[in-house]
Structures are given as structure tokens and as C-alpha cells.
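First residue of the sequence shown: 2, per this note's numbering; consecutive thereafter. We put the beta carbon where it would ideally sit given N, CA and C, even for glycine. Okay, structure first, notes after.
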Amino acid sequence: MNRLNLQSNHIIEYIIFIIVIFASTSIVTNENIVENDVLLEVDSIQGTVTLSTRAAMSALGLGEDTRTGATATVNLTVNSIKSEGCDSCDSTPVGIHITGNVEIENIRNQMGGLGRVEGELSITYLKEYLDSNFISKEWFTIDWNASGGTELDTFTHIMINHDPPKWELNNRYKAAFVTIDENKESRTGPWLFAHGLVDGALNIQGCLPDSLSCENSLNPDINLTSTKKSVESPIILPHFNGLVQLTNLESTNTTPEKNQKLRELFKVNNETNIHNILCDENEEEILALKSWEINISNNNIIAPMSLWLDILDLPSSTFIQVNGVWTELDYSNSGCASISDSENNIRLSILNK
2 MNRLNLQSNH
12 IIEYIIFIIV
22 IFASTSIVTN
32 ENIVENDVLL
42 EVDSIQGTVT
52 LSTRAAMSAL
62 GLGEDTRTGA
72 TATVNLTVNS
82 IKSEGCDSCD
92 STPVGIHITG
102 NVEIENIRNQ
112 MGGLGRVEGE
122 LSITYLKEYL
132 DSNFISKEWF
142 TIDWNASGGT
152 ELDTFTHIMI
162 NHDPPKWELN
172 NRYKAAFVTI
182 DENKESRTGP
192 WLFAHGLVDG
202 ALNIQGCLPD
212 SLSCENSLNP
222 DINLTSTKKS
232 VESPIILPHF
242 NGLVQLTNLE
252 STNTTPEKNQ
262 KLRELFKVNN
272 ETNIHNILCD
282 ENEEEILALK
292 SWEINISNNN
302 IIAPMSLWLD
312 ILDLPSSTFI
322 QVNGVWTELD
332 YSNSGCASIS
342 DSENNIRLSI
352 LNK
């Protein structure tokens, strides 16, 4: 397998992000849709995503020698789930499981060579409700198994701890869209459009930010269709309890790199010797470990792609930045990062393999 294909797993990370945006928060009991007195939920997602911008390609680790325009075709099924066996929960987490085939084609370098990759994608998204509208924790688990070799496989687990619990607001971003004949279109920002189909289905088209080739409906970057089904009993899945608190840690001279982009997002400051992190049980040697202070003057809210969520009538997942410590750790084949608040409570944890 050539170098072009070996780098294409970064494209999977972008496709995963788009799919999570479109589907993973379509959970749950209070977000089902009523159509002709029948309660509906998401059944499947099919369509294509075109990576049309240099910024998007660069964010995926694809350099200037890789042309924009790779295309991903997705064919996914969606099921409601409950998660059993959570060690840190007061109530049973609920959510959805998305699984299916993803095929990325037309990965080109400047010499014209083509690359492609395909495989099975599994996304689990869960929320723990303390009340009907208050969320205490959220989890994302993303598992990508590529055909042709394990070197392209990836696994990511994210845990968000809301303290105090987050109030889940419906219809928070309605002002961002114009609604005409039950269709929705964005007022500002990248063009987004949702068209209602029969039986509760939606066709969603849109442009990536700063895309020059996207011409709205004439040539959209994103063209996905979600179908609905009658609400079914949730499938029971085991909860992922693979994160443990690490102790007796000391800073290394080497700076961790596996979660550097996320670290930059949180704008860390001075280094500190306070290390507070959750990671998987691992007998490997720690290659890099550092912690940094986080000092913010206002309540910065990270709510990625909230416009996309609203156009599908889905709740967004938000994380309010807090003062505290960012701790980051690298093993040879995996990395972890956590944010702890001023009382040493871990508010965000990330595991990448």
C-alpha cells in the first residue's frame, strides 16, 4: 500500500466528524419525530462528502502534494441503544449506534496518482440524563476498521463530564435559518439546506467553509440523505469502561504530539507539574507527558458545527471551557489528554489509538 493510501486514514477522521455532526446527536427519546401520528427515528444515512478545500485537507494531515477533491461515499445504519455496566453512572446512558461502510476515492497527489481506502465505521454516542433535560456525561466512541491492513485502523473515545449538569435546550439556534415550506436554509456562513422528503426523510446539502468550488445546489460538497423508521426498542450494548486514573506521574522533557491540535484549541498557558489524566491501562513506557494551565476570562463555549446540527433538528453537544489544567500523555501507539478543573475534577478525557 503506497504512502498516499497510508495517509488517507486522516480523511476518515474528517468523515467521522461530518457523520457525528449529522447523526450522532440525533439521539434520543426527546428528539424523535412525529409523522402522521407515528413516532419516527433515524434509520440510515447515505450519500457523499467531497473534501473541496485546502484548509480541510491540511487539517487532515494531507500536505500540498495532495489535491483537494477526494470523495467519500457512506452507507450507514442507525439504531437506538442503551449502555449497560457503566462504572461511573447514576442512570443508564442512552444514545445511538451508527455502523456501516465508508469508501474514499479520488485521493490524488500532484503527479496524478490515485489512492482509495474503504472499511467499516462504527460510532457510538451516549448521554447520561439526570433529568429529562439535564445531561451529566456524554461519550463518543469511534472505531474505524479499514480493509487491507490494520495500519489504517483507528479508535477514539471521548468523555465529557458536565458539572453542573448541562441543560439541553431544544431549538436553540433556530434564528440561524430561514424556513420556507418546511425547508430550512442558513442565513449566514456556509450554505446549508435541508429538504424534507417522504416519510420523514431529509436530504441535506451544503458547502464546506471557504469552499471555492461549491456552488450551492449546483455543486454541493455535502449531499446526504437520512431516512426514518418507526421507533424501535433500543439495543443493549456494554459500556466502555476502559479509562482509568493514572497516578505518580512526572513531566518528561519531550512534549506530547498526538493531541497537539486539541491542545491548541484550548489555548493553554504555563507548564505545571500537576498531572490529572484518565487513560487506558497500558504497560508501555510513557514517551511524553506534560501539563499546562488553562486560564480563561470568560465562559468560552465549544459547540462545533451547531448550524449543521440545527438544520437536522438535532441537539448540539457543547463543552464550556473551565480554568484548570490540560494534561497530555503519549505512548508509542496511543495518546491521552484530559482537562481537570480547579478542584481536580476531570471534565474532558480523550483516548486515541
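Check residue i in the structure and name its three-state DSSP category.
i: Asp314; result: With a pLDDT of 48 at Asp314, under the threshold of 50, the modelled position of that residue is not reliable, and the figure given next carries that caveat. Asp314 falls in the coil class under three-state DSSP.
i: Val103; result: strand
i: Gly70; result: coil
i: Val232; result: coil
i: Gly201; result: helix
i: Leu247; result: coil
i: Asn1; result: The structure shown does not extend to residue 1, since the chain is modelled only from 2 through 354, so no value can be given for it.
i: Asn345; result: coil
i: Asn217; result: helix
i: Val360; result: Missing from the structure shown is residue 360; the chain here goes from 2 to 354 and no further.
i: Asn224; result: strand
i: Val179; result: strand
i: Tyr130; result: strand
i: Gly48; result: strand
i: Ser84; result: strand
i: Phe194; result: strand
i: Asn283; result: coil
i: Gln111; result: coil
i: Ser350; result: strand
i: Glu272; result: strand
i: Ser92; result: coil
i: Glu65; result: coil
i: Ser53; result: coil
Looking at C-alpha atoms only, which residue of the options is the closest neighbour of residue i?
i: Ile1; options: Asn204, Thr125 and Glu121; result: The structure shown has nothing for residue 1, since the chain only spans 2 to 354.
i: Arg117; options: Ile105, Leu127, Ser123 and Val232; result: Ile105
i: Glu44; options: Ile82, Glu329 and Ile275; result: According to the sequence provided, residue 44 is Asp. The question's Glu does not apply to it. Of the candidates Ile82, Glu329 and Ile275, the one whose C-alpha sits nearest the C-alpha of Asp44 is Ile82.
i: Pro239; options: Leu40, Thr67, Asp331 and Val95; result: Val95
i: Thr67; options: Thr54, Pro165, Ala338 and Asp200; result: Thr54
i: Asp132; options: Pro165, Phe156, Thr155 and Glu121; result: Pro165
i: Gly325; options: Pro257, Ile275, Leu40 and Pro221; result: Ile275
i: Asn334; options: Thr155, Ile143, Ser123 and Ile181; result: Thr155
i: Phe194; options: Asp200, Ala202, Gly201 and Ser218; result: Ser218
i: Ala71; options: Thr273, Val199, Ile46 and Asn107; result: Asn107
Which residues mark the beginning and the end of the alpha helix (DSSP H) in which residue i is found?
i: Leu263; result: Gln261 to Leu266
Roughly how many angstroms lie between the CA atoms of residue i and residue j, to the nearest whole one?
i: Val245; j: Thr93; result: 20 Å
i: Trp168; j: Asn110; result: 46 Å
i: Lys291; j: Gly207; result: 40 Å
i: Ile236; j: Ser341; result: 33 Å
i: Gly101; j: Glu251; result: 42 Å
i: Thr228; j: Leu213; result: 30 Å
i: Ser187; j: Leu225; result: 17 Å
i: Pro210; j: Asn249; result: 44 Å
i: Glu119; j: Ser148; result: 6 Å
i: Val269; j: Ile295; result: 5 Å
i: Thr69; j: Gly48; result: 19 Å
i: Ile28; j: Leu288; result: Per-residue confidence for Ile28 stands at a pLDDT of 33, beneath the threshold of 50, marking its modelled position as unreliable; no derived number is given.
i: Thr78; j: Thr142; result: 16 Å
i: Glu121; j: Ile223; result: 20 Å
i: Pro221; j: Pro191; result: 11 Å
i: Glu344; j: Val323; result: 11 Å
i: Asn271; j: Ser350; result: 20 Å
i: Glu42; j: Glu286; result: 45 Å
Check whether the Cβ of residue i sits closer than 8 Å to any heavy atom of the ligand FAD, and report yes or no.
i: Glu121; result: Only the bare structure without any ligand can be found here, which leaves the ligand FAD out of the picture.
Got a sec, what are the start and stop residues for the beta strand (DSSP E) residue i sits in?
i: Thr155; result: Thr155 to Trp168
i: Ser292; result: Ala289 to Ile295
i: Lys138; result: Phe135 to Ala147
i: Asn184; result: Asn184 to Ser187
Could you check if residue i is buried or exposed, using at least 16 other CB atoms within 10 Å of its CB as the buried criterion?
i: Gly243; result: exposed
i: Ser137; result: buried
i: Leu330; result: buried
i: Thr189; result: exposed
i: Lys128; result: buried
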